[in-house]
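Residue numbers (the working numbering), protein chains in the order written: chain A, 354 to 820; chain B, 119 to 565.
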């Protein structure tokens with residue numbers, strides 16, 4: 354594979370490419386779904402192919418194929434060159450690329466328990482145990498339960514015309530649980546997710562009590578919760594919601610392609626104080642075993658910790674080779690491609706807010722009337738407008754400095770910069786347990802996110818009745 | 119498909135070979151799909167072309183049942199060795215799976231005429247220069263309308279063919295084309311920003327005007343300049359065509375028989391019941407000629423047919439695949455996917471009596487949601503959504519775009535408050551998108 358990648362790079366140079374890179378990728382994964390007492394859906398996936406990217410004149414071209422035959426790879430190169438040349442007349446912003454170091458490196462992250470080392474029957478048995486424990490905790494109120502597990506290996510070879518040759522192999526595993534409960538009138542669900550850059554050891558490390566039992570208790574608890582009120586409130590974010598905030602509201606805005614394209618609200622603001630001084634936010638793909646971690650990005654740049662906000666000031670962006678060149682910055686190893694048929698683009702990895710000094714109890718004591726949002730489910734952002742939304746599966750009213758009645762299914766929406774300025778307390782705790790697949794431009798990337806509890810003054814809450 | 123492998127005469131041959139091999143290895147029931155696709159995509163950034171991409175690939179997938187337990191394997195490419203391994207793995211996984219007594223059978227062969235207009239030789243014959251030309255036309259139009267606009271997005275096409283064969287004798291093949299343009303316009307006036315998007319897609323070039331998308335995106339972006347905050351309160355909610363389509367798509371998704379049989383949908387126990395006002399009728403029709411989601415068969419080989427899901431507010435049908443239909447003792451409705459899921463096709467709500475403009479004129483105070491995700495919790499039906507692209511309406515007139523506002527409701531309480539569906543609709547190939555109006559909805563503002 355290395356020979357093929359280098360051969361195509363050499364040929365690209367000879368055919369006039371100012372820069373080219375070749376990625377050869379092979380992914381294999383298997384999944385098991387347990388539902389209502391049966392592990393009756395098992396699946397295996399495999400894909401393999403080559404992606405060739407060229408910079409010719411002022412424009413990029415990219416072509417891919419699902420074959421590693423030399424003739425197909427050569428055709429990819431021809432197609433990529435033709436695509437770039439056909440587009441050149443309409444480029445408003447000539448493409449460029451940072452001087453890539455011609456490193457040769459190999460990183461194989463061997464999991465403690467490789468996927469094939471644990472028999473399918475053993476994995477099924479563990480998932481069935483989770484399910485039984487969750488159902489036992491929920492009793493007859495549980496009407497549906499799903500426990501899903503998948504693990505997979507990704508091997509990638511990257512070569513470029515600057516002489517880089519990087520071979521990487523990483524394994525990831527994810528286990529999720531859904532418990533649905535009813536009281537005969539309404540349905541509620543509780544979910545839990547765990548994910549690692551690792552293998553089937555995830556199933557040995559994850560105990561039912563903190564996983565499926567917790568999901569069942571969430572669902573049961575929500576049966577007694579009422580819909581949230583609507584209006585403006587002081588809110589406290591659980592670390593999972595803090596994670597959604599830093600990922601959706603800030604993280605996507607810090608991806609340098611959005612900044613360069615004039616789409617991000619952070620354009621032209623490097624060094625400015627954009628958040629409260631107690632706020633520091635980082636993206637770090639070097640954290641051992643975390644779901645979003647990797648050793649080299651899809652352009653062969655080594656992984657690193659990337660400050661985004663430090664003590665309230667905008668400290669940096671997430672760069673690819675291209676955006677680093679355009680913006681006079683260093684590549685940060687943030688260019689990720691989902692598969693061989695995708696171009697590398699700036700992405701987050703593990704994004705989090707650093708802990709502060711305020712204990713949770715003190716944070717709550719300072720709120721006369723507010724809402725404590727927990728159990729982050731999902732979020733999205735419009736970087737162009739600087740508007741985000743985060744959805745919490747659970748919440749509690751806060752009245753006179755004390756946690757009050759449980760609430761269910763509530764979202765908050767706000768403008769990113771307003772919210773970052775209105776953070777008035779950052780907790781002394783920390784949790785990062787939001788492994789997931791982040792979507793951007795049709796590609797998904799494994800990421801994680803989290804942080805401490807934070808308190809934000811004056812956020813709009815989408816409730817069902819007048820607040 | 120390359121010519122150097124004589125075994126790859128057609129994708130149907132590949133599928134039949136997979137099925138035969140799986141049965142030899144112990145499959146009790148199985149089906150296999152195989153196909154190829156090629157695509158071209160031109161990315162637009164900062165009102166210029168950023169990159170042009172092309173891809174082509176083949177894939178195969180096999181689904182095997184042993185005592186009802188399912189094993190599934192997919193593989194990219196068409197190398198015989200890889201496909202054979204996938205078949206072996208699917209059979210092995212099915213053998214390991216827990217038996218499922220609810221599994222009945224895969225569908226028998228159901229011959230059906232092809233749906234007209236799903237493949238267009240003109241799109242199949244287009245090259246990168248043609249896609250670049252469409253992107254360039256949008257860029258030029260954008261610069262002429264708004265010299266400072268920031269236009270981004272993509273223009274692309276895809277051409278594909280595929281086949282499906284099963285151990286019950288299903289043997290079907292189909293091909294299709296698609297062209298699409300999806301562009302976002304961002305206008306800046308000092309600190310003020312106007313942002314919106316538009317799209318166009320079709321199976322036939324004649325059904326689309328992809329070079330005109332930038333123009334409508336810019337018109338939308340102009341309308342969203344000058345956003346303001348609003349107060350909280352209960353008011354009328356109007357869903358414009360794009361917002362309404364997303365809303366109805368979510369509602370139909372909850373009528374998925376798998377979710378209901380498993381007891382996790384807010385529509386559990388509602389079949390045959392009134393769930394919405396009499397204004398709401400929704401038909402799913404996978405046979406609309408030239409429709410985006412049309413096809414003679416679903417992913418399991420079941421013949422498609424038009425299906426009324428909600429009729430004058432009553433939930434009258436669920437979407438079934440062969441598994442859920444077998445479990446319910448019903449017929450599959452033709453909404454199965456090859457991996458075992460259930461998916462809607464072209465949704466066509468019945469139109470009302472009066473145009474959207476008239477529905478707006480009657481509103482004393484409300485929100486007109488042009489586009490936005492109203493995503494109910496799939497179990498509880500609770501909605502807590504951001505008003506992403508909305509306008510404040512007062513005394514029958516749209517006043518200004520809204521900033522930082524949300525809406526909250528439970529979908530089962532919201533649906534009976536639907537008091538009008540417009541007589542006019544945005545129409546995309548196969549799909550109808552009318553305007554919907556709901557009364558008395560909780561809005562949270564920040565004024």
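No residue lacks a Cβ here, since even glycine has one placed at the ideal position from N, Cα and C.
In whole angstroms, what is the alpha-carbon distance linking residue 276 (chain B) and residue 318 (chain B)?
-> Distance between the alpha carbons of residue 276 (chain B) and residue 318 (chain B) is about 14 Å.
List the residues that DSSP assigns as beta-bridge partners of residue 818 (chain A).
-> DSSP lists A:582 as the beta-bridge partner residues of residue 818 (chain A).
Looking at the structure shown, is residue 405 (chain B) part of a helix, part of a strand, or coil, going by DSSP?
-> Residue state, collapsed to three classes: coil.
Cβ-based neighbour list, residue 811 (chain A), same chain, cut-off 7 Å, excluding 5 preceding and 5 following = Its chain contains 585, 587, 775 as the residues whose beta carbon lies nearer than 7 Å to that of residue 811 (chain A), once the 5 sequence neighbours on both sides are disregarded; these appear in chain order.
State the start and end residues of the unbroken beta strand (DSSP E) segment that holds residue 467 (chain A).
-> For residue 467 (chain A), there is no enclosing beta strand (DSSP E), as DSSP marks it with neither H nor E.
If the cut is a Cβ gap below 9 Å, which residues of chain B does residue 412 (chain A) touch?
-> Correct list: 167, 168, 169, 170.
For the 8 Å Cβ check, are there 3 or more pairs between the segment 553-566 of chain A and the segment 455-470 of chain A?
-> Judged by Cβ distances under 8 Å, the segment 553-566 of chain A makes contact with the segment 455-470 of chain A, as three or more pairs qualify.
Is residue 504 (chain B) closer than 9 Å to residue 815 (chain A) when the C-beta atoms are compared?
-> Residue 815 (chain A) is a Cβ neighbour of residue 504 (chain B), given a cutoff of 9 Å.
Minimum length 4: unbroken alpha helix (DSSP H) runs contained in the segment 342-400 of chain B = Qualifying alpha helix (DSSP H) stretches, in chain order: 359-372, 375-379.
Could you list which residues in chain B have their beta carbon closer than 7 Å to that of residue 747 (chain A), in chain order?
-> Near residue 747 (chain A) there are no residues of chain B at all, since even the closest Cβ is about 12 Å away, more than 7 Å.
Leaving out the 5 sequence neighbours to the left and right, which residues in its chain are closer than 8 Å to residue 793 (chain A) when beta-carbon positions are compared?
-> Same-chain partners within the cutoff: 605, 608, 698, 700.
Going along chain A, which residues have a C-beta under 9 Å from residue 193 (chain B)?
-> The answer, in chain order, is 397, 398, 399, 400, 401.
Apart from the five residues on each side of it in sequence, which residues of its chain come closer than 8 Å, Cβ to Cβ, to residue 242 (chain B)?
-> Cβ neighbours of residue 242 (chain B) beyond the five flanking positions: 277, 295.
Residue 268 (chain B) touches chain A at which residues, Cβ-Cβ below 9 Å?
-> The answer, in chain order, is 614, 615, 616, 737.
Reduced DSSP secondary structure (H/G/I, E/B, other) of residue 670 (chain A) = Residue 670 (chain A): coil per DSSP, three-state reduction.
State the Cα-Cα distance for the pair residue 804 (chain A) and residue 643 (chain A), rounded to the nearest angstrom.
-> Looking at the two C-alpha atoms, the distance is approximately 14 Å.
Name, going along the chain, the residues of the segment 307-338 of chain B whose beta-carbon falls closer than 8 Å to a beta-carbon of chain A.
-> Correct list: 311, 313.
Chain-ordered neighbours of residue 503 (chain B) on chain A, where CB pairs are closer than 8 Å = Simply 742, 764, 815.
Alpha-carbon spacing of residue 268 (chain B) relative to residue 329 (chain B), whole angstroms | Straight-line measurement puts the Cα of residue 329 (chain B) at about 17 Å from the Cα of residue 268 (chain B).
Pairing CB atoms from the segment 593-605 of chain A with CB atoms from the segment 718-732 of chain A, are three or more of them under 8 Å?
-> Cβ pair count under 8 Å is three or more, so yes.
Can you list, in chain order, the residues of its chain whose CB lies under 6 Å from that of residue 564 (chain B), leaving out five sequence neighbours each side?
-> Excluding positions up to five away in sequence, the list reads 347, 522.
Classify residue 801 (chain A) as helix, strand or coil using the three-state DSSP reduction.
-> Reduced to three states, the DSSP call for residue 801 (chain A) is strand.
Simplified DSSP assignment, three categories, for residue 651 (chain A) = Three-state result, residue 651 (chain A): coil.
How is the beta strand (DSSP E) around residue 471 (chain A) delimited, first residue to last?
-> No residue range can be given for residue 471 (chain A), since it is assigned to no beta strand (DSSP E) and is classified by DSSP as neither H nor E.
Which full runs of the alpha helix (DSSP H) of 4+ residues lie inside the segment 188-227 of chain B, going along the chain?
-> Within the segment 188-227 of chain B, the complete alpha helix (DSSP H) runs of at least 4 residues are 198-214.
Quick one: is residue 442 (chain A) buried, meaning 16 or more other Cβ sit within 10 Å of its Cβ, or exposed?
-> Counting the other CB atoms within 10 Å of its CB gives residue 442 (chain A) a total below 16, which places it among the exposed residues.
What in chain E is Cβ-close to residue 541 (chain A), meaning under 9 Å?
-> Although the question refers to chain E, the structure presented lacks it and instead comprises the protein chains A and B.
Tell me whether residue 177 (chain B) sits in a helix, a strand or coil according to DSSP, three-state version.
-> DSSP places residue 177 (chain B) in strand when its eight states are reduced to three.
For the candidate residues A:429, A:636, A:479, whose alpha-carbon lies nearest to that of residue 694 (chain A)?
-> Residue A:429 holds the alpha-carbon nearest to the alpha-carbon of residue 694 (chain A) among A:429, A:636, A:479.
Going by beta carbon distance, what residues of the same chain come within less than 6 Å of residue 146 (chain B), once the five residues before and after it are set aside?
-> Shown here for residue 146 (chain B): same chain residues with a beta carbon closer than 6 Å to its own, the five before and five after excluded, namely 183, 184 in chain order.
Less than 9 Å separating the beta-carbons of residue 519 (chain B) and residue 345 (chain B)?
-> In contact: residue 519 (chain B) and residue 345 (chain B) (Cβ atoms closer than 9 Å).
Find the nearest neighbour of residue 771 (chain A) within the set A:628, A:802, A:547, A:702, judged by alpha-carbon distance.
-> Restricting attention to A:628, A:802, A:547, A:702, the CA atom closest to the CA of residue 771 (chain A) is found in A:628.
Coarse secondary structure for residue 539 (chain A), derived from DSSP in three states | Three-state DSSP puts residue 539 (chain A) in coil, outside helix and strand.
With 16 other Cβ atoms within 10 Å as the buried cut-off, status of residue 461 (chain A) = It counts as exposed.
Helix, strand or coil: how does DSSP classify residue 126 (chain B) here?
-> Residue placement at residue 126 (chain B) is poorly supported in this model, since its pLDDT is 44, which falls under 50; the coordinates still yield a value, given next. Correct three-state label for residue 126 (chain B): coil.
Please report how far the alpha carbon of residue 656 (chain A) lies from the alpha carbon of residue 684 (chain A), in whole angstroms.
-> The alpha-carbon separation between residue 656 (chain A) and residue 684 (chain A) amounts to approximately 10 Å.
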